[in-house]
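Asker: So the sequence shown is numbered by our numbering: it starts at -2 and just counts up by one. Even for Gly, the Cβ is constructed at its ideal location relative to N, Cα and C. All of these numbers come straight from a predicted model, not from anything done at the bench.
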Amino acid sequence: MTVTANGKTDLEIAQQTKLKRIEDIAGDLGLLEEEWEPYGHYKAKLSLNIMKRLATKPDGKVILVTSINPTPAGEGKSTVTVGLGQALHRLGKKAIVAMREPSLGPTMGVKGGATGGGYSQVLPMDEINLHFTGDLHAITAANNALAAFIDNHIHHGNELRIDPRRIVWKRVVDLNDRALRHVVVGLGGPAQGVPREDGFDITVASEIMAVFCLASDLQDLKQRLARIVVAYNVDKQPVTVRDLGVEGALTLLLKDAFKPNLVQTVEHTPALVHGGPFANIAHGCNSVIATKMAQKLGDYVVTEAGFGADLGAEKFLHIKTRFSQIKPEVVVIVATIRALKMHGGVEKEHLHIENAEALRAGLANLQKHIETIQAFGLPFVVAINRFITDTEQEIKTLTNFCEKHGYPVALAEVWEKGGEGGLDLAKKVLDAMESGNSKFTPLYDVNEPIPDKIRKIAQIVYGAKDVEFSPKAKKQMTQLEMLGWGHLPICMAKTQYSLSDDPTKLGRPTDFTITVRELKPSIGAGFLVALTGDVMTMPGLPKRPAALRMDVDENGNAIGLF
-2 MTVTANGKTD
8 LEIAQQTKLK
18 RIEDIAGDLG
28 LLEEEWEPYG
38 HYKAKLSLNI
48 MKRLATKPDG
58 KVILVTSINP
68 TPAGEGKSTV
78 TVGLGQALHR
88 LGKKAIVAMR
98 EPSLGPTMGV
108 KGGATGGGYS
118 QVLPMDEINL
128 HFTGDLHAIT
138 AANNALAAFI
148 DNHIHHGNEL
158 RIDPRRIVWK
168 RVVDLNDRAL
178 RHVVVGLGGP
188 AQGVPREDGF
198 DITVASEIMA
208 VFCLASDLQD
218 LKQRLARIVV
228 AYNVDKQPVT
238 VRDLGVEGAL
248 TLLLKDAFKP
258 NLVQTVEHTP
268 ALVHGGPFAN
278 IAHGCNSVIA
288 TKMAQKLGDY
298 VVTEAGFGAD
308 LGAEKFLHIK
318 TRFSQIKPEV
328 VVIVATIRAL
338 KMHGGVEKEH
348 LHIENAEALR
358 AGLANLQKHI
368 ETIQAFGLPF
378 VVAINRFITD
388 TEQEIKTLTN
398 FCEKHGYPVA
408 LAEVWEKGGE
418 GGLDLAKKVL
428 DAMESGNSKF
438 TPLYDVNEPI
448 PDKIRKIAQI
458 VYGAKDVEFS
468 PKAKKQMTQL
478 EMLGWGHLPI
488 CMAKTQYSLS
498 DDPTKLGRPT
508 DFTITVRELK
518 PSIGAGFLVA
528 LTGDVMTMPG
538 LPKRPAALRM
548 DVDENGNAIG
558 LF
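1) Tell me which residues share the same chain as T369 and place their Cβ nearer than 6 Å to its Cβ, disregarding the 5 neighbours each side in the sequence.
2) Quick one: using the 10 Å Cβ neighbour count with 16 as the cut-off for buried, is G154 buried or exposed?
3) Does the pairing of the region 184 to 193 with the region 252 to 266 give three or more beta-carbon distances under 8 Å?
4) Ignore the nearest five residues each way along the sequence and tell me which others in H38's own chain have a CB closer than 7 Å to its CB.
5) By the 10 Å Cβ neighbour count, where 16 or more other Cβ atoms means buried, how is Q216 classified, buried or exposed?
6) Which residues does DSSP list as the beta-bridge partners of V379?
7) Assuming V328 and L61 form a contact by the criterion Cβ under 8 Å, report the distance between their Cβ atoms to the nearest whole angstrom.
8) Which one of M547, L538, A543, F559 has the shortest CA to CA distance from I199?
9) Could you check the C-alpha separation between V263 and A11 for me, to the nearest Å?
10) Just the Cα atoms here: how many angstroms apart are K469 and E515?
11) In three-state terms, what does DSSP make of I225?
12) Quick one: measure Cβ to Cβ for C210 and S284, integer angstroms, because I've assumed they're closer than 8 Å.
13) Between V77 and A409, how many whole angstroms is the CB-CB distance? I'm expecting something under 8 Å.
14) If you measure between the beta carbons of M48 and K293, is that distance less than 8 Å?
15) Quick check on DSSP: helix, strand or coil for D463?
16) Could you check the C-alpha separation between D499 and E34 for me, to the nearest Å?
17) In this structure, what does DSSP give as the bridge partners for C399?
18) How far does the alpha helix (DSSP H) with D25 in it extend, from its first residue to its last?
19) Between the region 102 to 116 and the region 433 to 447, do three or more beta carbon pairs fall short of 8 Å?
20) Under the three-state reduction of DSSP, which class applies to G114: helix, strand or coil?
21) With 16 as the cutoff for other CB atoms within 10 Å, does V231 come out buried or exposed?
22) T394 and A355 - do their beta-carbons sit closer together than 8 Å?
23) Buried or exposed: which applies to L308, given that a residue is buried once 16 or more other Cβ atoms fall within 10 Å of its Cβ?
24) Are the C-beta of T529 and some C-beta of chain C separated by less than 8 Å?
25) Return the CA-CA distance between E344 and L241, expressed in angstroms with no decimal places.
26) By DSSP, does A302 sit in helix, in strand, or in coil?
27) In whole angstroms, what is the alpha-carbon distance linking M547 and S75?
28) Pull up the DSSP beta-bridge partners for A92, would you.
29) So which of L172, R175, G183 has the shortest CA-CA distance to A145?
Have a look at this one:
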């Protein structure tokens, strides 16, 4: 369990923080009374009409927070995101944090929640990490309603001539449940439907989640939903949501969830927490509508993209920017000494022991992520997210490495000290933005052939020697091109723990080949998913999941969340 320097857990800090009522946070942002809807005392949904009222207001500057390849417990990217927002607020800047909503999968699995930590959290932490305002439940409902509509259409005559063997739409649940990866539905005779193989994904891997997070408004949401391919007919032609005629019903299920959620940090900095696709199997960014709304409401928006720069940041820069025109001014690359030591060969149970030699060996991982951000033409700052086990010698080793190469670096002590611990980082981020060195350029053109786009990601971002495509993937590429989808950007589904597609290859592996085993069209979202290695769209729980530590006290207060 996470413990801060004064002996309090993240949950205890969250529960002991005196929150402002949400009307005060809304007032600080200059929102009109009719532009926000309270969900209790400390959460609110924001009206999409805010975008119309502030249409001519200049957009705030976006700061993208990413990281090196993480350890299983994560490296505090969300903590640094929140802490940096609080630090900018302390410097008198009108800053807003824009983050993803947590999934119950990792919350009750290995990683824990996704609201930051220590004195840099978004609150109310327990509610955000559990059911929040019900957004993920609405996405689950919409996804599974669509699955029901497909099976019902087949049961009642199958006018669209859907081939039951070629239904690609899966059901979802927002939990890690390996038993649902492969199931059979429709058993029990003619009255129960048509028997067929099916499966479940985790909600945050659903294309509806991706659509939800990339849509610019309700009409765009409806149009994207209509384009989703759910199956192929007996002539192997795609069948869409529009063909089923249910895009209106799905939009109706999502209309309230689509409104961004307003909460606050420990230091009362406003935060929009909305949408939550995984970055290892989806595009890993919070919703476009929340980020753009934050740009209208603040002068600086601090947002994060999931996992390392090889996943979340790459997808932010190749997918989210293309659909939203949101371009970051600067990137913060979060590095932790414990993760760098793991990349240098130290086992997880020994990470608390000082080991400057392993740290130096692991710096190659940080170097590769820096090179990736440089390849995109963006200025950056390395943020050393300090843990209580870090020694002065280790911190000096990492700082000296950055200074020797001319990399801007700052020690972030935001977990222990909140915004105060991020002031140096905030100043260096502002300096990087004012340098005028941003020359953002994507690494590939969307009109390039599919394999060329994938190779550029693998070789430039991962450092791979080459890409190997399975026979199935080669056949799918030909079909995707024939269907007119070859011009779409690529969403790589890959392990987060390694630059390669093998989670055991830590550090900066070389001379490796990325294996693409399958390609899936996400036409509503507007990208093609390339599944690599053994990455799964429905994770499993560990032997001792985090849920075993969770409970409530006699007053109904949460226990054991982190």
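Answerer: Per the coordinate set shown:
1) Reading the sequence shown from its first residue, position 372 is the one you call residue 369. If we look at T369 and ignore the five residues flanking it on each side, its Cβ neighbours are A306, V458.
2) Here residue 154 is taken as the residue at index 157 of the sequence shown, counted from 1. Exposed is the call here.
3) no
4) Looking up residue 38 in the sequence shown gives position 41. The answer, listed in chain order, is R18, I19.
5) Counting from 1 along the sequence shown, the entry for residue 216 is found at position 219. The residue in question, Q216, is exposed, as its Cβ has fewer than 16 Cβ neighbours within 10 Å.
6) Counting from one through the sequence shown, the residue named residue 379 turns up at place 382. Per DSSP, I330, V406.
7) To locate residue 328, count along the sequence shown from 1; it is residue 331. To locate residue 61, count along the sequence shown from 1; it is residue 64. So it is a contact: roughly 5 Å between Cβ atoms.
8) Taking the first residue of the sequence shown as 1, we reach residue 199 at position 202. Of the candidates M547, L538, A543, F559, the one whose C-alpha sits nearest the C-alpha of I199 is L538.
9) Here residue 263 refers to the residue found at position 266 when the sequence shown is read from its first residue. Here residue 11 refers to the residue found at position 14 when the sequence shown is read from its first residue. If I take the Cα positions, the gap works out to 7 Å.
10) To locate residue 469, count along the sequence shown from 1; it is residue 472. To locate residue 515, count along the sequence shown from 1; it is residue 518. In a straight line, the C-alpha of K469 is about 6 Å away from that of E515.
11) Numbered from 1 along the sequence shown, position 228 holds the residue referred to as residue 225. Three-state DSSP puts I225 in coil, outside helix and strand.
12) Locating residue 210 in the sequence shown gives position 213, counting from the first residue. Locating residue 284 in the sequence shown gives position 287, counting from the first residue. Going by Cβ atoms, the distance from C210 to S284 rounds to 4 Å, so yes, they are a contact pair.
13) The sequence position of residue 77 within the sequence shown is 80, counting from 1. The sequence position of residue 409 within the sequence shown is 412, counting from 1. That belief holds up - the Cβ atoms of V77 and A409 are roughly 5 Å apart, short of 8 Å.
14) Taking the first residue of the sequence shown as 1, we reach residue 48 at position 51. Taking the first residue of the sequence shown as 1, we reach residue 293 at position 296. Against a cut-off of 8 Å, the Cβ pair of K293 and M48 comes out as a contact.
15) In the sequence shown, residue 463 corresponds to position 466, counting from 1. In this structure, D463 counts as strand in the three-state DSSP scheme.
16) On the sequence shown, position 502 is the one that residue 499 refers to. On the sequence shown, position 37 is the one that residue 34 refers to. Near 46 Å, if we compare the C-alpha coordinates of E34 and D499.
17) Reading the sequence shown from its first residue, position 402 is the one you call residue 399. None, per the DSSP bridge assignment.
18) Stepping through the sequence shown from its first residue, residue 25 is reached at position 28. Its alpha helix (DSSP H) spans residues 19 to 25.
19) no
20) Residue numbering aside, residue 114 sits at position 117 when the sequence shown is read from its first letter. Correct three-state label for G114: strand.
21) As a position in the sequence shown, residue 231 is number 234, starting the count at 1. Answer is exposed; the Cβ neighbour count stays below 16.
22) Here residue 355 refers to the residue found at position 358 of the sequence shown. Here residue 394 refers to the residue found at position 397 of the sequence shown. Against a cut-off of 8 Å, the Cβ pair of T394 and A355 comes out as no contact.
23) For the purposes of this step, residue 308 is taken as residue 311 along the sequence shown, with counting starting at 1. The residue is buried, with at least 16 neighbouring Cβ atoms inside 10 Å.
24) In the structure shown, chain C cannot be found, because there is only a single protein chain.
25) As a working mapping, residue 344 is identified with position 347 in the sequence shown. As a working mapping, residue 241 is identified with position 244 in the sequence shown. When rounded, the distance between both Cα atoms is 52 Å.
26) Position 305 of the sequence shown, counted from the start, is the residue given in the question as residue 302. Correct three-state label for A302: strand.
27) On the sequence shown, position 550 is the one that residue 547 refers to. On the sequence shown, position 78 is the one that residue 75 refers to. Roughly 21 Å between the two C-alpha positions.
28) If you number the sequence shown from 1, residue 92 lands on position 95. In the DSSP output, where bridge partners are listed per residue, A92 has Y297.
29) Here the question's residue 145 lines up with position 148 in the sequence shown. Ranking the options by Cα distance to A145, first place goes to G183.
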